[in-house]
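One structure is given below, encoded as structure tokens.
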Amino acid sequence: MAADGKVRQEDKHFDAPHAREAETPLAEGEKHDQLAEKVECSESRQEALLDEGLEESFPGSDPVSVKRIT
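Structure representation (structure tokens):
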């Protein structure tokens, strides 16, 4: 599951670890798809990529450009 973007109180502690163990580790050779949940809520993966680009670049002066690689 992707991070929900909220900071937990225990993460603010000065002695907090730099990383946490995954709840369910991925299989050997498998990669995490950070857009999986957004794709389920969107019309297509392209829409999810556009939404992600807007979120990551806001506020910004340049328009978001999402290219489909074929």
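The sequence shown begins at 233 in our numbering and counts up by one.
Backbone N, C-alpha and C fix where the C-beta goes; we use that ideal spot for every residue, glycine too.
Requested in this report: Can you have a look at residue 280 and say buried or exposed, based on whether 16 or more other CB atoms are within 10 angstroms of its CB?
Outcome: buried
**Report entry** Nearest-angstrom Cβ-Cβ length linking residue 248 and residue 242, presumed shorter than 8 Å
**Finding:** 6 Å
Query raised in the report: In chain order, what residues of the same chain have a beta carbon less than 7 Å from the beta carbon of residue 283, not counting five sequence neighbours either side?
Result: 270 and 274
Requested in this report: Please classify residue 271: does DSSP put it in a helix, a strand, or coil?
Outcome: helix
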